[in-house]
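Residue numbers (my numbering): 793 to 1177.
From the three backbone atoms N, C-alpha and C, an ideal C-beta is built for every residue, glycine too.
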């Protein structure tokens, strides 16, 4: 039964990655305008490489590898698997072609479906499940990387008409009160989770109030109009250095045209909707805005406890928690152990999910993490007082 359900999930997830890419032209698959963005072609190949490398090579004797060079081209950061091309060079790989990458996906999908005709052991099924959630993570990166590629094209091309993604408004207002006490956080129960969610443990929280709504564009424009980007008193030291080094005056994708703010959306350049939920700000900007409001960002433990009674999922929400292991955390042996643990340094936790998150890929305990200066994801702000 479990093999049957995973086979259905496998084919659904794999098709969804290609669905995201349907509006693209061939030329859109290749660019890498900045190091933190990967070309869509690379995402499609890397998520396929995961299944071939970690599952097919082990589960099928004498598996016919599609192309021996692909291990070098499409490995991301798994040192245990061997050498790999530099991340900054992913956009230089014009060959293999996009057509060849789709052929690679078809080859691996055929092999995986043959494999899934058999009864598989729990270890193999668990690894396949991890591969599916890994691909869902890359589906969100596909959406955000495509937006960066097209959003930095001077013509602001439309990815898909009507596909704005940043026009949603808050459905609740007011404040939620949480009483002090000892609470349990971390994943518990059945179903999938990443290893960084494990280690359910107790935390003590003081009384706090958390906003039921996320910060809107209108509220953030108030911060901008109050010279928020010019007042060093509002900024963390590294944030102030970032503002000045990059001459930042607005969230990512915002452009002032004839005195009015516009932003690039996947439906093209549009006027900023003041009532819509703010998006594409980094931790420095979230922290400065909270300081300006005389409030603060929630910790990830506060967010998790409050989330039972919050409307969340529109934006990844910055927390004031560093990305660190839970009590008892241990890395798995081998390459799979490189998945999360080695990134627990110099990053901050975001909670929730976003409009770009794939279906059935969100949980209250999900711990996303990014560097403090990064803002190309659909990130937003929720305040605490």
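For the set 850, 938, 955 and 803, the Cα lying nearest the Cα of residue 913 is the one of 850. As the crow flies, the alpha-carbon of residue 805 is around 7 Å from that of residue 928. In this model, residue 1027 and residue 1021 are separated by some 9 Å (Cα to Cα).
Exclusion of the five residues before and after residue 1009 leaves 1064, 1065, 1066, 1068 and 1070 as the residues of its chain whose Cβ lies within less than 7 Å of its Cβ.
Using a 10 angstroms sphere on the CB of residue 837, the tally of other CB atoms reaches 16 or more, which defines it as buried. Around the beta-carbon of residue 1145, 16 or more other beta-carbon atoms lie within 10 Å, marking it buried. Nearest Cα to residue 811 within the set 1095, 832 and 1006: 832. A straight line joining the alpha-carbon of residue 1154 with that of residue 859 spans about 34 Å. In the structure shown, the three-state DSSP call for residue 847 is helix.
DSSP places residue 891 inside the alpha helix (DSSP H), whose first and last residues are 890 to 907.
The Cβ atoms of residue 1173 and residue 1078 sit closer than 9 Å to each other. Pairing residue 1115 with residue 1135 gives a Cβ-Cβ distance under 9 Å. Secondary structure of residue 976 (DSSP, three-state): strand.
Apart from the 5 residues on each side of it in sequence, residue 960 sits with its Cβ closer than 8 Å to the Cβ of 1068, 1069, 1106 and 1147 in its chain, given in chain order. Annotation for residue 931: 808, 809, 812 and 1150 place their beta carbon closer than 7 Å to its own, counting only its chain and skipping 5 residues before and after.
Minimum Cα-Cα distance from residue 953 among the listed residues 1170, 908, 814 and 1011 corresponds to 814.
DSSP places residue 808 in the uninterrupted alpha helix (DSSP H) bounded by 794 to 813. The beta carbon of residue 827 is closer than 7 Å to those of 879 and 880 in its chain, skipping five residues each way along the sequence. Residue pairing from DSSP places residue 997 in a beta bridge opposite 973. The bridge partners DSSP lists for residue 1048 are 1053. Here the C-alpha atom of residue 962 lies approximately 9 Å from the C-alpha atom of residue 1007. Its Cα nearest to that of residue 996, the residue 976 stands out among 976, 1005, 982 and 1011. Of the residues 829, 1076, 1052 and 1164, the one whose Cα lies closest to the Cα of residue 943 is 829. Residue 863 sits close to residue 841, with the two beta carbons spaced by under 9 Å. Annotated as proximal: residue 872 and residue 1126, with beta-carbon spacing under 9 Å. Beta-bridge analysis with DSSP links residue 929 to no other residue. In this structure, DSSP gives residue 1005 a state outside helix and strand, which the three-state scheme calls coil. Per DSSP, the continuous alpha helix (DSSP H) segment holding residue 865 begins and ends at 862 to 866. The C-alpha of residue 934 lies about 36 Å from the C-alpha of residue 1086. The three-state reading of DSSP puts residue 939 in helix, counting H, G and I together. Positions of the beta strand (DSSP E) runs, each at least 3 residues long and wholly inside the stretch 1018 to 1090, are given as 1046 to 1049, 1052 to 1057 and 1060 to 1063 in order along the chain.
The Cβ-Cβ distance between residue 799 and residue 909 falls below 9 Å. With respect to residue 999, residue 972 sits close: the two C-beta atoms are nearer than 9 Å.
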